[in-house]
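Peer 1: Provided herewith is a single structure, encoded as structure tokens, for subsequent inquiry.
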Amino acid sequence: MNTELLIQNLHRASSSQELLLATRQLASCGAEAAAPALVEVLGFNNPGAAVAAVDGLIGLGQAAVPPLLQLDPENYGARAWAVRALAGIGDVRGLDLLVDALGTDVAASVRRAAARGLGNLLLDGLEPTERHGVLERCLEALLAATSDGEWVVRYAVAVGLESLAPALEPHGAGLVTLHQGLVALTRADEANPPVVSLRARLALTRLGQP
Amino acid sequence: MANVDASPPQAGEPISEQEALRRLRQRDDPSQQYYAAWWLGRMRSRHPEAVPLLLGALRQRRPRDPGDGVEENAVARNAARALGKLGPAGRQAIDDLLAVLDDPDDGLREAAARALGELGAEQAVAPICRLLASGPQQAGAIRAGTPRLMEPCEALLEALGDIGCGSASVLAVVEPYVDHERPLIRSAAARALLRLSGEARWGELLVALLDHPQLQVRRAALMDLGAAGWRPALEPIRRTLAENSLKLMALKGLVEQGSGEPGAEALLACMDELL
Numbered sequence: 021m022n023t024e025l026l027i028q029n030l031h032r033a034s035s036s037q038e039l040l041l042a043t044r045q046l047a048s049c050g051a052e053a054a055a056p057a058l059v060e061v062l063g064f065n066n067p068g069a070a071v072a073a074v075d076g077l078i079g080l081g082q083a084a085v086p087p088l089l090q091l092d093p094e095n096y097g098a099r100a101w102a103v104r105a106l107a108g109i110g111d112v113r114g115l116d117l118l119v120d121a122l123g124t125d126v127a128a129s130v131r132r133a134a135a136r137g138l139g140n141l142l143l144d145g146l147e148p149t150e151r152h153g154v155l156e157r158c159l160e161a162l163l164a165a166t167s168d169g170e171w172v173v174r175y176a177v178a179v180g181l182e183s184l185a186p187a188l189e190p191h192g193a194g195l196v197t198l199h200q201g202l203v204a205l206t207r208a209d210e211a212n213p214p215v216v217s218l219r220a221r222l223a224l225t226r227l228g229q230p
Numbered sequence: 008m009a010n011v012d013a014s015p016p017q018a019g020e021p022i023s024e025q026e027a028l029r030r031l032r033q034r035d036d037p038s039q040q041y042y043a044a045w046w047l048g049r050m051r052s053r054h055p056e057a058v059p060l061l062l063g064a065l066r067q068r069r070p071r072d073p074g075d076g077v078e079e080n081a082v083a084r085n086a087a088r089a090l091g092k093l094g095p096a097g098r099q100a101i102d103d104l105l106a107v108l109d110d111p112d113d114g115l116r117e118a119a120a121r122a123l124g125e126l127g128a129e130q131a132v133a134p135i136c137r138l139l140a141s142g143p144q145q146a147g148a149i150r151a152g153t154p155r156l157m158e159p160c161e162a163l164l165e166a167l168g169d170i171g172c173g174s175a176s177v178l179a180v181v182e183p184y185v186d187h188e189r190p191l192i193r194s195a196a197a198r199a200l201l202r203l204s205g206e207a208r209w210g211e212l213l214v215a216l217l218d219h220p221q222l223q224v225r226r227a228a229l230m231d232l233g234a235a236g237w238r239p240a241l242e243p244i245r246r247t248l249a250e251n252s253l254k255l256m257a258l259k260g261l262v263e264q265g266s267g268e269p270g271a272e273a274l275l276a277c278m279d280e281l282l
């Protein structure tokens, strides 16, 4: 079936089950023309279909970024799914949205996806100055979120910091503050569950001394 | 006062500990007491007045009168829930919570059972077993005209697992509930048996519930596997159809409560993928 037909099927779906099936089909077709329709699905308040659409959008990669960035910021539900898609794609055009989501989103599941995404942006091909600026913003946002109130977000911050580290200048000041952020996450007290502390220690072990 | 039994909003108005204590102390507005009791539990208050005030609120109940609203019992229920979250300080409340296990209000018995479980109150094992002893056909029978069971079985079973006294007589009371008609009760019974005996067959029963067609049941099985820390469930947890948030909570339980294989690094790698 061609993409046009798959999109028509999606728009004709009259039950949540039909919508889920149509989204799965469109998500697996791999055609860039599917991106805007998949982004539309993020706003339908159907979690199963949204999961399938996010998978499809991540599969499309950079081609999915422009329609994702055009989403209405007032459509909160769709935006939360878009953060997950952008975190998975890793395109630097999503930087502003990810930083904003990590710092301000009310849902821990969105903040946690944003934290993971900020450690995974694709930096190859950027000019050195731009690359440096992007890394600084990622680091700053992740460090600020080491004091997030939800354990799962702090866990994701530990993962994000670990994946960000190899992109930073060896022995540079950035890497030192990154280590300090991870050390802060290893603290063992009532408010910081063992799993977060364990994950941060694992990151420090893998990274070695700055 | 509408909808007094709903959870207060997560992002409720921020109040100070002093303000929470003041609201709980006054008796004119039960909705303020209700919120204050919840707040003290949520914040795990260590203020010396918190336990005495919550005990006062727990005693502030009366027989159910359908024409009279349920405000006062709603305050008592939230007080019971809060006392369960106060750690060692909350243990002063054990005798009062034990007394509440005989209250005619189902919701209050349920809240007291959960609190006694969280406090690890060994004194509660015998009275909880007494409530469950008549088995799934009686204590676990559906109360006509309501969705509730005769006893709050799910909370009672979970409390036994939390308290952790796995004598043969306790296991014998719990075991019949793995055949209860409701999957959530089967899940709670398997969770308690797994925690009390460590026997793999109860973990396998929970893993089987991860394939249940109802999302609500799969979610409960996830939470129960996490509470028991049963690490062989890693792969089934990864595969089940449920929100990543719940899978992450379950895996946190496997890391923190469990031991053996798969090891912590494999569990953490799976968590990383679910973020």
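These protein sequence lines are chains A and B, in that order.
According to the working numbering, the first sequence holds residues 21 to 230 in order.
According to the working numbering, the second sequence holds residues 8 to 282 in order.
Glycine is no exception: its CB is placed at the ideal position from the N, C-alpha and C atoms.
Since this is a predicted model, take the numbers as computed values, not measurements.
Between A:L62, A:T149, A:L155, which lies nearest to L142 (chain A) when the distance is taken from Cα to Cα?
Peer 2: The residue given as residue 142 (chain A) occupies position 122 in the first sequence. Selected option, being the one with the closest Cα: A:L155.
Peer 1: Quick one: Cα of P56 (chain A) to Cα of D111 (chain A), how far?
Peer 2: Within the first sequence, residue 56 (chain A) is the residue found at index 36, counting from 1. Within the first sequence, residue 111 (chain A) is the residue found at index 91, counting from 1. Straight-line Cα distance between these residues: approximately 17 Å.
Peer 1: Report yes or no: is there a C-beta of chain B within less than 8 Å of the C-beta of S129 (chain A)?
Peer 2: Sequence index remark: in the first sequence, residue 129 (chain A) carries index 109 (1-based). S129 (chain A) counts as touching chain B.
Peer 1: Using a C-beta cutoff of 8 Å, does A133 (chain A) count as contacting chain B?
Peer 2: For the purposes of this step, residue 133 (chain A) is taken as the residue at position 113 of the first sequence. Chain B contact via Cβ: present.
Peer 1: Quick check: is the beta carbon of L282 (chain B) nearer than 8 Å to any beta carbon in chain A?
Peer 2: Sequence index remark: in the second sequence, residue 282 (chain B) carries index 275 (1-based). Yes, L282 (chain B) lies at the interface with chain A (some Cβ there is under 8 Å from its Cβ).
Peer 1: Spatial neighbours of V181 (chain B) within its chain, please: C-beta separation below 8 Å, excluding the five flanking residues on both sides.
Peer 2: Working through the second sequence from its first residue, we reach residue 181 (chain B) at position 174. Around V181 (chain B): L139, L164, L167, A196, A199, L200, L203.
Peer 1: Is I149 (chain B) helix, strand or coil when you go by DSSP?
Peer 2: The residue labelled residue 149 (chain B) in the question sits at position 142 within the second sequence. Three-state result, I149 (chain B): strand.
Peer 1: Using alpha carbons as the reference points, say which of A:P213, A:L224, A:E150 lies closest to S183 (chain A).
Peer 2: As a working mapping, residue 183 (chain A) is identified with position 163 in the first sequence. Looking at the Cα atoms, A:L224 is the closest of the given residues.
Peer 1: What whole-angstrom Cβ distance do A81 (chain B) and L31 (chain B) have, given they're in contact under 8 Å?
Peer 2: The residue given as residue 81 (chain B) occupies position 74 in the second sequence. The residue given as residue 31 (chain B) occupies position 24 in the second sequence. Actually they are not in contact, since the Cβ atoms of A81 (chain B) and L31 (chain B) sit about 13 Å apart, beyond 8 Å.
Peer 1: Just to confirm, are L205 (chain A) and L198 (chain A) a CB contact at a threshold of 8 Å?
Peer 2: As a working mapping, residue 205 (chain A) is identified with position 185 in the first sequence. As a working mapping, residue 198 (chain A) is identified with position 178 in the first sequence. It is not a contact, given that the beta carbons lie outside the stated cut-off.
Peer 1: So who's on the other strand from N212 (chain A), going by DSSP bridges?
Peer 2: Stepping through the first sequence from its first residue, residue 212 (chain A) is reached at position 192. In DSSP, N212 (chain A) forms a bridge with A:D209.
Peer 1: Under 8 Å Cβ to Cβ from A276 (chain B), same chain only, skipping five residues before and after it: list those, please.
Peer 2: If you number the second sequence from 1, residue 276 (chain B) lands on position 269. Taken in chain order, the list of residues that qualify is empty.
Peer 1: To which residues does DSSP link L156 (chain B) through a beta bridge?
Peer 2: In the second sequence, counting from the first residue as 1, residue 156 (chain B) sits at position 149. Note: L156 (chain B) sits in a beta bridge opposite B:I149.
Peer 1: Quick one: what does DSSP say A140 (chain B) is sitting in, helix, strand or coil?
Peer 2: Against the second sequence, residue 140 (chain B) aligns to sequence position 133. Note: A140 (chain B) maps to coil in three-state DSSP.
Peer 1: Between A176 (chain A) and chain B, is there a C-beta pair that is closer than 8 Å?
Peer 2: Position 156 of the first sequence, counted from the first residue, corresponds to residue 176 (chain A). True, the Cβ-Cβ gap to chain B drops below 8 Å.
Peer 1: Got a sec: is the Cβ-Cβ distance from R136 (chain A) to anything in chain B below 8 Å?
Peer 2: Taking the first sequence and counting its residues from 1, the one referred to as residue 136 (chain A) is at position 116. Chain B contact via Cβ: present.
Peer 1: Count the CB pairs spanning the stretch 143-153 of chain A and the stretch 164-171 of chain A that are closer than 8 Å, and state whether there are at least three.
Peer 2: Flag = no, the stretch 143-153 of chain A and the stretch 164-171 of chain A do not touch.
Peer 1: Does the stretch 95-105 of chain A come close enough to the stretch 217-234 of chain B that 3 or more CB-CB pairs lie under 8 Å?
Peer 2: Counting Cβ pairs under 8 Å, fewer than three are found: no touch.
Peer 1: Given a limit of 8 Å on CB to CB distance, which residues of the stretch 262-275 of chain B reach chain A?
Peer 2: Cβ contacts with chain A: V262, E263, A271, E272, L275.
Peer 1: Name the chain B residues whose beta carbon is nearer than 8 Å to that of P213 (chain A)?
Peer 2: Here residue 213 (chain A) refers to the residue found at position 193 when the first sequence is read from its first residue. In chain order: K259, E263.
Peer 1: Suppose you measure from the CA of V216 (chain A) to the CA of L227 (chain A); what does that come to, to the nearest Å?
Peer 2: Residue mapping note: residue 216 (chain A) aligns to position 196 of the first sequence, counting from 1. Residue mapping note: residue 227 (chain A) aligns to position 207 of the first sequence, counting from 1. Near 17 Å, if we compare the C-alpha coordinates of L227 (chain A) and V216 (chain A).
Peer 1: May I ask you to list, following chain order, the residues of the stretch 238-258 of chain B that have a beta carbon less than 9 Å from some beta carbon of chain A?
Peer 2: Cβ contacts with chain A: L248, E250, N251, S252, L255, M256, L258.
Peer 1: Using only CA atoms, which one of B:A119, B:A89, B:D36 lies nearest to E158 (chain B)?
Peer 2: Within the second sequence, the letter at position 151 stands for residue 158 (chain B). E158 (chain B) has its Cα closest to that of B:A119, out of B:A119, B:A89, B:D36.
Peer 1: How many angstroms separate the CA atom of V77 (chain B) from the CA atom of L47 (chain B)?
Peer 2: Residue numbering aside, residue 77 (chain B) sits at position 70 when the second sequence is read from its first letter. Residue numbering aside, residue 47 (chain B) sits at position 40 when the second sequence is read from its first letter. Caution is warranted here: a pLDDT of 49 is assigned to V77 (chain B), below 50, making its placement in the model unreliable, and no coordinate value can be reported.
Peer 1: So which residues on chain E does L218 (chain A) lean against when the C-beta distance must stay under 8 Å?
Peer 2: Protein chains A and B are contained in the structure displayed, whereas chain E is not.
Peer 1: Looking at L90 (chain B) and L104 (chain B), is the spacing between their C-beta atoms short of 8 Å?
Peer 2: For the purposes of this step, residue 104 (chain B) is taken as residue 97 along the second sequence, with counting starting at 1. For the purposes of this step, residue 90 (chain B) is taken as residue 83 along the second sequence, with counting starting at 1. A contact, by the Cβ cut-off of 8 Å.
Peer 1: Do you know offhand how far L241 (chain B)'s Cα is from D209 (chain A)'s?
Peer 2: For the purposes of this step, residue 241 (chain B) is taken as residue 234 along the second sequence, with counting starting at 1. For the purposes of this step, residue 209 (chain A) is taken as residue 189 along the first sequence, with counting starting at 1. In a straight line, the C-alpha of L241 (chain B) is about 27 Å away from that of D209 (chain A).
Peer 1: Measuring straight from C-alpha to C-alpha, what distance separates R245 (chain B) and A227 (chain B)?
Peer 2: The residue labelled residue 245 (chain B) in the question sits at position 238 within the second sequence. The residue labelled residue 227 (chain B) in the question sits at position 220 within the second sequence. Computed Cα separation, rounded: 15 Å.
Peer 1: Once the 5 residues before and after A220 (chain A) are set aside, which same chain residues still bring their CB inside 6 Å of it?
Peer 2: Against the first sequence, residue 220 (chain A) aligns to sequence position 200. Counting only Cβ-Cβ distances below 6 Å, and skipping sequence neighbours, we find A178, L202, L205, T206.
Peer 1: Run the CB neighbour count on R25 (chain A), radius 10 Å, all protein chains shown included, and call it buried at 16 or more, exposed below.
Peer 2: In the first sequence, residue 25 (chain A) corresponds to position 5, counting from 1. The sequence shown places Leu at residue 25 (chain A), rather than the Arg named in the question. Result: exposed.
Peer 1: Could you name the residues of chain B that E222 (chain A) contacts, counting a contact when the two beta carbons are closer than 9 Å?
Peer 2: Residue numbering aside, residue 222 (chain A) sits at position 202 when the first sequence is read from its first letter. For clarity, residue 222 (chain A) is Leu in the given sequence; the question names Glu instead. Within chain B, the residues near L222 (chain A) are A271, E272, L275.
Peer 1: Cβ closer than 7 Å: which chain A residues qualify as neighbours of D279 (chain B)?
Peer 2: Counting from one through the second sequence, the residue named residue 279 (chain B) turns up at place 272. Within 7 Å Cβ-Cβ: V179.
Peer 1: Of all Cβ atoms in chain B, is any one closer than 8 Å to the Cβ of V154 (chain A)?
Peer 2: Position 134 of the first sequence, counted from the first residue, corresponds to residue 154 (chain A). Not closer than 8 Å to any Cβ of chain B, the Cβ of V154 (chain A) fails to qualify, so no.
Peer 1: Once the 5 residues before and after G114 (chain B) are set aside, which same chain residues still bring their CB inside 6 Å of it?
Peer 2: The residue given as residue 114 (chain B) occupies position 107 in the second sequence. Within the same chain, G114 (chain B) has close Cβ partners R84.
Peer 1: Can you give the Cα-Cα distance for R295 (chain B) and P59 (chain B), rounded to whole angstroms?
Peer 2: With chain B covering 8 to 282 only, the question about residue 295 (chain B) has no answer from this structure.
Peer 1: With DSSP collapsed to three states, give me the class of L188 (chain A).
Peer 2: Numbered from 1 along the first sequence, position 168 holds the residue referred to as residue 188 (chain A). If DSSP states are grouped into helix, strand and coil, L188 (chain A) belongs with coil.
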